[in-house]
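Residue numbers for the sequence shown, in this note's numbering: 2 to 137. Virtual Cβ for every residue (Gly too), placed ideally from N, Cα, C. Since we're looking at a predicted model, the values are computed, not measured. Okay, structure first, notes after.
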Amino acid sequence: MAAGLLDGDGINRDALRAIARALPQDPPPSDEVVDGPWTGDEVDILSRFFSGGRLQSIPTNSTKRRVILERLAQEFEPGLRYEEADVNFRLQLFYPDYAALRRYLVDEGMMDRAEGVYWRTGGRYEDFEPEGIDGA
2 MAAGLLDGDG
12 INRDALRAIA
22 RALPQDPPPS
32 DEVVDGPWTG
42 DEVDILSRFF
52 SGGRLQSIPT
62 NSTKRRVILE
72 RLAQEFEPGL
82 RYEEADVNFR
92 LQLFYPDYAA
102 LRRYLVDEGM
112 MDRAEGVYWR
122 TGGRYEDFEP
132 EGIDGA
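Okay, here's the thing in structure tokens:
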């Protein structure tokens, strides 16, 4: 039988499980991905979809996709304007289909755009303090 994957009754499921266990595992998400104002459930979602610092796939589930987009929005400073090429470059560091990520960020209200310029309009802002405000 071919590499022990087949037995008299068909597929040798134990052999397939052993092979699956021996395959290299994806690294966990990097600390930079999961550090932040995330709940335990959100960290689980980030951990499921990121390997190292890279997004492995875009979730089809809207709730999970929103968590991923919230994380990606953290790459853009509130109040700054970004040329489309810069947005593309930053998103491509996470996932090859940067255009889909860019569209989702706009569609979900986390970024807005006009004439090829983008700016952050949503997402979490806990770490953001506008300059010039001293609490007085």
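Comparing alpha-carbon positions, the option among Ile69, Ser63, Thr61 and Pro60 lying closest to Val44 turns out to be Ile69. In the structure shown, Asp42 falls within a helical segment according to DSSP collapsed to helix, strand and coil. According to DSSP, Met111 shares a beta bridge with no other residue. One Cα belongs to Glu109, the other to Arg14, and the distance between them is close to 43 Å. Using a 10 angstroms sphere on the CB of Ile12, the tally of other CB atoms stays under 16, which defines it as exposed. Shortest Cα-Cα distance from Asn62 to any of Gly53, Ala74, Gly54 and Arg49 involves Arg49. Distance from the CA of Asp87 to the CA of Leu94, rounded to the nearest whole angstrom, comes to 11 Å.
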